[in-house]
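If you use UniProt numbering, the sequence shown corresponds to residues 1 to 206, in order.
Worksheet: one structure, shown below.
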Amino acid sequence: IKTIQLFNHESVPCYWSIAEKGKPLKKVSQKQRPPPVVFRMIPSSGMLSPGERVNVQIRFSPAEGNAYNVQLVVRVAESTEQVSITAQGQGEEPKLQFCPPVLELGPCLPDTTEVEAEVIVKNPCSFPVEFYSLEFDKQYLEEEKMLRLMQGYDENNILLLPPRAPGESLPTELLDYYKEYCSQLKDDGSFRHTCSSCSAIVYCTY
């Protein structure tokens, strides 16, 4: 996330908007599937009174492990002048290699000795990668419960969290919130939360 600041140095109100070059602000039809937004501006438009400033966050959310380079254009209503900002980012996609790629186990009779096989997992990336089983990893399942209690999800059901290194737990603030929730729920069952449809969490594990 990077932040830029807009300043109205004129003596009249200024209505502004910022968007990718060639992608003006417009509503997408319900039948059309919008492309993934790589650079998101928050807010993307507004009004500045004379002498007023506003901070605009530019969030980079790569959809693939590619290099991105786009032009962001700041437009002002009733003005032909435009300001261009170059936004660049590099997406890095975690990958794992399994050897052998196909695991074949020998024949085994029911209720007899189990058959085992060894799989080597290799990380070809230049950064650490954490991996786990969605069905059997108890820490993952417990963290899912915590995250579904959190507030602060955006309109796309995405919650931004601080980056964390592989193997680290959730931020201390979230763990404390969950402990308080469990404590109050145990006492009287009256502790309620407002986020019941959260479906996506964004955090960095490498």
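Positions of the beta carbon are idealized from the N, C-alpha and C atoms, including for glycine.
Range covered by the beta strand (DSSP E) that runs through residue 97: As a working mapping, residue 97 is identified with position 97 in the sequence shown. According to the DSSP assignment, residue 97 belongs to the beta strand (DSSP E) that extends over 97-99.
Considering only the alpha carbon of each residue, which of 83, 77, 90 lies closest to residue 59?
Residue mapping note: residue 59 aligns to position 59 of the sequence shown, counting from 1. The residue with the shortest Cα to Cα distance from residue 59 is 90.
Can you list, in chain order, the residues of its chain whose CB lies under 6 Å from that of residue 105, leaving out five sequence neighbours each side? For the purposes of this step, residue 105 is identified with residue 105 of the sequence shown, where counting begins at 1. For residue 105, the CB contacts under 6 Å within the same chain, skipping 5 residues up- and downstream, are 115, 117 in chain order.
**Request:** Would you identify the three-state DSSP class for residue 86, choosing helix, strand or coil?
**Result:** The residue given as residue 86 occupies position 86 in the sequence shown. Residue 86 falls in the strand class under three-state DSSP.
Taking the CB atoms as reference points, tell me whether residue 6 and residue 39 lie closer together than 8 Å. Taking the sequence shown and counting its residues from 1, the one referred to as residue 6 is at position 6. Taking the sequence shown and counting its residues from 1, the one referred to as residue 39 is at position 39. The answer is no: Cβ separation not under 8 Å.
* Cβ neighbour criterion (16 or more within 10 Å) applied to residue 108 -> Residue 108 sits at position 108 when you count from the first residue of the sequence shown. A residue is called buried once 16 or more other Cβ atoms fall within 10 Å of its Cβ, and residue 108, having fewer, is exposed.
Using three-state DSSP, classify residue 159 as helix, strand or coil. Within the sequence shown, numbered from 1, the residue matching residue 159 stands at position 159. If DSSP states are grouped into helix, strand and coil, residue 159 belongs with the strands.
Beta-bridge pairing of residue 40 - partner residues as DSSP gives them: Counting from one through the sequence shown, the residue named residue 40 turns up at place 40. Under DSSP, residue 40 shares a beta bridge with 59.
| message | Going by DSSP, what residue range makes up the beta strand (DSSP E) through residue 145? | response | Here residue 145 refers to the residue found at position 145 when the sequence shown is read from its first residue. For residue 145, no beta strand (DSSP E) segment is defined; the enclosing uninterrupted segment is the alpha helix (DSSP H) at 138-147.
Which residues mark the beginning and the end of the beta strand (DSSP E) in which residue 121 is found? The sequence position of residue 121 within the sequence shown is 121, counting from 1. 120-122 is the extent of the beta strand (DSSP E) around residue 121.
request  = Kindly list the residues whose CB is nearer than 7 Å to the CB of residue 170, restricted to its own chain and excluding five residues on each side of it in sequence; keep chain order.
outcome  = Counted from its first residue, the sequence shown places residue 170 at position 170. Take residue 170, set aside five residues on each side of it, and the residues of its chain with a beta-carbon closer than 7 Å to its own are 143, 146, in chain order.
Note down, in chain order, each residue of its chain lying with its Cβ closer than 6 Å to the Cβ of residue 21, except the 5 sequence neighbours on either side. As a first step, residue 21 is located in the sequence shown; it is residue number 21 there, counting from the start. If we look at residue 21 and ignore the five residues flanking it on each side, its Cβ neighbours are 71, 73.
Practice task
Helix, strand or coil for residue 182, going by three-state DSSP, please let me know.
Solution key: By 1-based counting over the sequence shown, the position of residue 182 is 182. Three-state result, residue 182: helix.
- Query: Shortest alpha-carbon distance to residue 127 belongs to which of 92, 138, 87?
  - Reply: Here residue 127 refers to the residue found at position 127 of the sequence shown. Restricting attention to 92, 138, 87, the CA atom closest to the CA of residue 127 is found in 92.
**Request:** Use the C-beta contact count for residue 47: other C-beta atoms within 10 angstroms, 16 or more gives buried, fewer gives exposed.
**Result:** Taking the sequence shown and counting its residues from 1, the one referred to as residue 47 is at position 47. With fewer than 16 other Cβ atoms from the protein chains shown falling within 10 Å of its own Cβ, residue 47 counts as exposed.
Practice prompt. Indicate whether residue 96 and residue 76 have their beta-carbon atoms separated by less than 8 Å.
Written response: Stepping through the sequence shown from its first residue, residue 96 is reached at position 96. Stepping through the sequence shown from its first residue, residue 76 is reached at position 76. No.
Relative to the C-alpha of residue 83, which candidate in 173, 4, 152 has its C-alpha closest? For this step, residue 83 is matched to residue 83 along the sequence shown. For residue 83, the closest C-alpha among the options 173, 4, 152 is that of 4.
Could you tell me if residue 56 is buried or exposed, where buried requires 16 or more neighbouring beta carbons within 10 angstroms of its beta carbon?
Within the sequence shown, the letter at position 56 stands for residue 56. Under this definition residue 56 is a buried residue.
task: Express the C-alpha separation of residue 102 and residue 161 in angstroms, rounding to a whole number.
output: Residue 161 sits at position 161 when you count from the first residue of the sequence shown. Residue 102 sits at position 102 when you count from the first residue of the sequence shown. Annotation: residue 161 to residue 102 spans about 36 Å, alpha carbon to alpha carbon.
Check your understanding: Helix, strand or coil: which one does DSSP assign to residue 177?
Key -> By 1-based counting over the sequence shown, the position of residue 177 is 177. It is helical.
Do residue 13 and residue 61 have their C-beta atoms within less than 8 Å of each other?
As a position in the sequence shown, residue 13 is number 13, starting the count at 1. As a position in the sequence shown, residue 61 is number 61, starting the count at 1. A distance of 8 Å or more separates the beta carbons of residue 13 and residue 61.
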